[in-house]
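*Asks:* Here it is: the structure, laid out below.
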Ligand SMILES: C[S@@+](CC[C@H](N)C(=O)[O-])C[C@H]1O[C@@H](n2cnc3c(N)ncnc32)[C@H](O)[C@@H]1O
């Protein structure tokens, strides 16, 4: 075994260590230790091909953190994190626990990568949070399985607002899958006041050299367990149909309610992802829905 650190749990028996996986590559981009030689070799190659990939991963992770924080500030306390990845800095359940006004938060992580799931199980058990946070090992392309899983059913009440996160994951979904229909399957379960937050790699709004580099890197993912699909803003926008897109709209990572922590490199990487948050319209059934958020049109 050539795992990067003894801190990470051993790989489960079913894990494929022959081909790199998106979960473990992303962990390597973020400087984590739950990755293997095959993942690190891919990550090193990726940095040569597209030098902004590490700041892009960090900027994406920070976007996720800002969305979770904004949702908590709006009184949303339930989270379904689809394609949650290997646990790393800024995990959703940690943000929920740290939010001083949040009581009774619930978090369900979903991933199909066995190492990501094993590590999440390990962390959640170690932190003794399994009464309110859990991980489902499932393919998000099967919403019926995800939504019907006993952990999802135990923890989430879909009659109340839920924040569904599809952050940096839908670019691994394509081919036979109708992504708009898939997103719709999750959205139709959501009560008024629920949020859908997502980010997606793109190169339709960046300078040509970077765009070409990212296109080459995306093509390289066909050698991993997770082929990747670049999409344009026009392709991402319809996924928010039927939702009120929250301010500042569908934008690049560094432009979504930025804070002071964004570095210059992360700003530079920003144009390589589209991101946004939509809210299910209608009157919230819980008390927190009394104040309406600032919105822009879809
Ligand atoms: C780049 S990571 C993103 C992690 C996290 N969402 C974030 O933004 O920090 C993508 C994750 O999505 C997972 N993933 C990709 N396709 C998936 C699918 N069809 N079902 C479940 N998980 C999937 C991968 O295993 C990986 O852990």
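Residue numbers (this note's numbering): 81 to 378.
Ideal Cβ placement from N, Cα and C applies to all residues, glycine included.
Since this is a predicted model, take the numbers as computed values, not measurements.
Which residue marks the beginning of the beta strand (DSSP E) containing residue 215, and which one marks its end?
*Replies:* 213-217
*Asks:* Using 8 Å as the cut-off, can you tell me whether the segment 310-321 makes contact with the segment 97-105, which would need three or more C-beta pairs spanning the two stretches below that distance?
*Replies:* no
*Asks:* Using 8 Å as the threshold, is the segment 227-244 in touch with the segment 274-282, meaning 3 or more CB pairs across them?
*Replies:* Yes, the segment 227-244 is in contact with the segment 274-282.
*Asks:* In terms of residue numbering, what span does the beta strand (DSSP E) encompassing residue 356 cover?
*Replies:* First-last of the beta strand (DSSP E) with residue 356: 353-359.
*Asks:* Please list, in chain order, all residues of the same chain as residue 146 whose beta carbon is under 6 Å from its beta carbon, the five residues on each side excluded.
*Replies:* 337
*Asks:* Can you tell me which of the three DSSP states residue 324 falls into?
*Replies:* It is a strand residue.
*Asks:* Can you check DSSP and say which residues form a bridge with residue 162?
*Replies:* 190
*Asks:* Do the CB positions of residue 326 and residue 236 come within less than 8 Å of each other?
*Replies:* no
*Asks:* Within 10 angstroms of the Cβ of residue 256, are there 16 or more other Cβ atoms? Answer buried if so, exposed if not.
*Replies:* exposed
*Asks:* Secondary structure at residue 275, three-state DSSP: helix, strand or coil?
*Replies:* strand
*Asks:* For residue 364 and residue 279, what's the separation of their Cα atoms in angstroms?
*Replies:* 25 Å
*Asks:* Using 10 angstroms around the beta-carbon of residue 183, count the other beta-carbons present and answer buried if the total reaches 16, otherwise exposed.
*Replies:* exposed
*Asks:* Looking at C-beta atoms only, is the number of pairs between the segment 108-115 and the segment 287-298 that lie closer than 8 Å three or more?
*Replies:* no
*Asks:* Measuring straight from C-alpha to C-alpha, what distance separates residue 306 and residue 271?
*Replies:* When rounded, the distance between both Cα atoms is 32 Å.
*Asks:* Could you check if residue 302 belongs to the surroundings of ligand 1, using beta carbon to heavy atom distance under 7 Å?
*Replies:* no
*Asks:* I think residue 194 touches residue 94, with their Cβ atoms under 8 Å apart; what is that distance to the nearest whole Å?
*Replies:* 5 Å
*Asks:* Taking 8 Å as the CB-CB limit, is residue 171 close to chain D?
*Replies:* The structure shown has no chain D; it contains just one protein chain.
*Asks:* Let me know if residue 230 comes out buried or exposed under the rule of 16 or more other beta-carbons within 10 Å of its beta-carbon.
*Replies:* exposed
*Asks:* Say yes only if the C-beta of residue 306 is nearer than 7 Å to one or more non-hydrogen atoms of ligand 1, and no if none qualify.
*Replies:* yes
*Asks:* Touching or not, the segment 129-144 and the segment 341-352, by the rule of three or more beta carbon pairs under 8 Å?
*Replies:* Result yes; three or more Cβ-Cβ pairs closer than 8 Å.
*Asks:* Is it buried or exposed, residue 186, if we count other Cβ atoms within 10 angstroms and call 16 or more buried?
*Replies:* buried
*Asks:* Using 8 Å as the threshold, is the C-beta distance between residue 129 and residue 297 below it?
*Replies:* yes
*Asks:* Regarding residue 140 and ligand 1, is the C-beta to nearest heavy atom distance less than 7 Å?
*Replies:* yes
*Asks:* Bridge partners for residue 245 per DSSP, in chain order?
*Replies:* 161, 277
*Asks:* How many Å lie between residue 156 and residue 134 at the Cα?
*Replies:* 30 Å
*Asks:* Buried or exposed: where does residue 210 fall if 16 or more other Cβ atoms within 10 Å of its Cβ makes it buried?
*Replies:* exposed
*Asks:* Residue 232 to residue 261, Cα distance in whole Å?
*Replies:* Straight across, the Cα-Cα distance linking residue 232 with residue 261 is about 21 Å.
*Asks:* Near residue 375, what residues of its chain come up, given a Cβ to Cβ distance below 8 Å and the 5 sequence neighbours on each side ignored?
*Replies:* In this prediction, residue 375 has a pLDDT of 37, which is less than 50 and means its spatial position is unreliable; what the coordinates show is noted afterwards. Same-chain partners within the cutoff: 324, 325, 326, 327, 359.
*Asks:* If you draw a straight line from the C-alpha of residue 373 to the C-alpha of residue 191, how long is it?
*Replies:* In this prediction, residue 373 has a pLDDT of 39, which is less than 50 and means its spatial position is unreliable; what the coordinates show is noted afterwards. The straight-line gap separating the alpha-carbon atoms of residue 373 and residue 191 is approximately 30 Å.
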